[in-house]
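Novice:
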Amino acid sequence: MLDEHRTPRRFWAKAVNTACYIANRIFLRAFLGKTSYELRFGRQPSVKHLRAFGCVGCFVLKKAGHLDKFESRCLDGIFLGYASSYRAFRVWILEAKQVVETCEVSFDETMPCTTPAFEISGDDEEGTPIFEDEEGAVDVGDAGTTAPAAAPAPSLRARMMKEDPCPRLPPHSPDGKLMREAGPAEDAGR
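Take a look at the structure:
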C-alpha cells in the first residue's frame, strides 16, 4: 500500500490500520458466508466510501473564519485511512504537516494513481535511530576479534524425530472419526 502511491514509510501504522479496516468489510468467512463486520454488527457493511490509500487527489475544506476572495478554500492532502471512532477520513495535510480526521474531504478521481514522490521533510524516510553511540564506547568490530559462529539450533521436526522416530497416532475409523484405543480394562470385560 505504501509503495503503490510512494507514500513515506513513516505512515506504515496508518497503512496497517487501513488494511484491517478494509479486510473486516470485504473478506468473507468461507464457512459462514459473512464478513467480520456482518458477524459483529448483524448487517452488511457499506463500501461506497472506500478510497485508495496514499491518494494525493485529496482535498480538505479549510475551516478558517474569513477567507479572501481569491484564496484557496481547500488544503492539499494525502489520504491515510479512516477514523477509528467516528465516520471520517484521516488526511495528511501537506501544508501544515499534520494528520487530521475530518469528513469534509473531496477526492479527485481523475488524478493519476501513480504520482511523483512528494517531499514532507528530509529526515522522514530515515526515522530516529534506535541505538545511539556513547562517548568512548568501543565497537566490537574495532577490537580485531570475531565472534564464534553459533551452531544452528535443530528444527522442531528434527528434535521430535530424535525423541520418537515413529510417532504413534490414534487409529481412525473409515468415516474419519477418532476411535479410542481399547485398554486392558475394556478387553477384560468383553
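Position 90 of the sequence shown, counted from 1, bears residue number 90 in UniProt numbering, the numbering being contiguous throughout.
Glycine included, C-beta positions come from ideal geometry on N, C-alpha and C.
In whole angstroms, give me the CA-to-CA distance for K34 and N24.
Specialist: 10 Å
Novice: Can you tell me the Cα-Cα spacing of Q44 and A83, whole angstroms?
Specialist: 19 Å
Novice: Tell me the rounded alpha-carbon separation between F131 and R40.
Specialist: Confidence at F131 is low in this model, with a pLDDT of 44, below 50, so the placement of that residue is unreliable and no value is reported for it.
Novice: Tell me the DSSP bridge mates of F59?
Specialist: Answer is D76 and S106, bridged to F59.
Novice: Got a sec? Which residues, its chain only, sit under 7 Å from R87 by beta carbon, not counting five neighbours each side?
Specialist: C103
Novice: Given this structure, state the Cα-to-Cα distance separating G42 from A64, to the nearest angstrom.
Specialist: 40 Å
Novice: In this structure, how does DSSP classify E38 when only helix, strand and coil are distinguished?
Specialist: Helix, per DSSP.
Novice: Inspect the CB distances between the region 69-81 and the region 54-61 and report whether three or more fall short of 8 Å.
Specialist: yes
Novice: Just to confirm the assignment, what range does the beta strand (DSSP E) spanning R90 have?
Specialist: F89 to I93
Novice: Closest by CA to K14, which one among Q98, L80, T110 and L94?
Specialist: L80
Novice: Could you tell me the alpha carbon to alpha carbon distance between V47 and K69, rounded to whole angstroms?
Specialist: 37 Å
Novice: May I have the straight-line CA-CA distance separating R90 from M111, to the nearest angstrom?
Specialist: 19 Å
Novice: Express the C-alpha separation of F31 and Q98 in angstroms, rounding to a whole number.
Specialist: Q98 and F31: Cα-Cα distance of roughly 43 Å.
Novice: Have a look at V105 and V60 and give me their C-alpha separation to the nearest angstrom.
Specialist: 5 Å
Novice: Whole angstroms are fine: how far does the CA of C20 sit from the CA of I26?
Specialist: Between the alpha carbons of I26 and C20 lies a distance of about 10 Å.
Novice: Can you tell me whether DSSP reads R10 as helix, strand or coil?
Specialist: Of the three classes helix, strand and coil, the one that applies to R10 here is helix, per DSSP.
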